[in-house]
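Everything on this sheet refers to the single structure shown next.
Residue numbers (our numbering): 378 to 561.
In structure tokens:
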């Protein structure tokens, strides 16, 4: 809801300027000013991980035992389906269900296996993504291209708008969770 003073009030009572939602021309002009500062440590780590994954794929196809293939599949399901989809995404980002402490601990461990930042960072970035989608405040803004929205956003410093808008979100529910505080 936009009020007379040009602020938008959301359901969480976070106020943002209506001008934060740019039209296409303003957005493209703003993009021209944007410079990506590469985080070289992340580039090196991602490069090593992808080279190792290619080598691992080769080994799985040509020399691994069936038990290794089964274990690899199990770890990908635990990390991806449980850790990311059921944990970081559905439970902690969207709060779509409640979980008792033992399940939250299991989901935290599964999320750690997925190696996609801490639960707190993952949930915060995802909440910012939904709240400020397709603006410079969106951590993985698809308007910056396919590569950026899937991987590139992890290889550069966050846009200042991501940090500014992310700090405005109410994250007290996550900070109140001892499992999140432990992993953080």
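Glycine residues also receive a C-beta, built at the ideal position from the N, C-alpha and C atoms.
In this text the structure is predicted, and so the values were computed from the model without any measurement.
| query | Could you give the distance in angstroms between the alpha-carbon of residue 553 and the alpha-carbon of residue 482? | reply | Straight-line spacing of the CA atoms in residue 553 and residue 482 works out to 15 Å.
| query | Which residue comes first and which comes last in the alpha helix (DSSP H) that contains residue 444? | reply | Start and end: 443-453.
| Local Cβ density within 10 Å of residue 464, reported as buried at 16 or more and exposed below that | Of the other Cβ atoms in all chains shown, 16 or more fall within 10 Å of the Cβ of residue 464; this residue is therefore buried.
| field | Nearest to residue 507 (by Cα), restricted to the options 535, 486, 543 | value | Of the candidates 535, 486, 543, the residue whose Cα lies closest to the Cα of residue 507 is 543.
| Buried versus exposed call for residue 436 [16 or more other C-beta atoms within 10 Å across all chains shown] | Classification for residue 436: exposed.
| residue 533, DSSP secondary structure in three states | Residue 533 falls in the strand class under three-state DSSP.
| query | Leaving out the 5 sequence neighbours to the left and right, which residues in its chain are closer than 7 Å to residue 500 when beta-carbon positions are compared? | reply | Around residue 500: 465, 469, 470, 551.
| said: In whole angstroms, give me the CA-to-CA distance for residue 514 and residue 432. | reply: Across the structure, residue 514 and residue 432 are spaced so that their CA atoms are roughly 36 Å apart.
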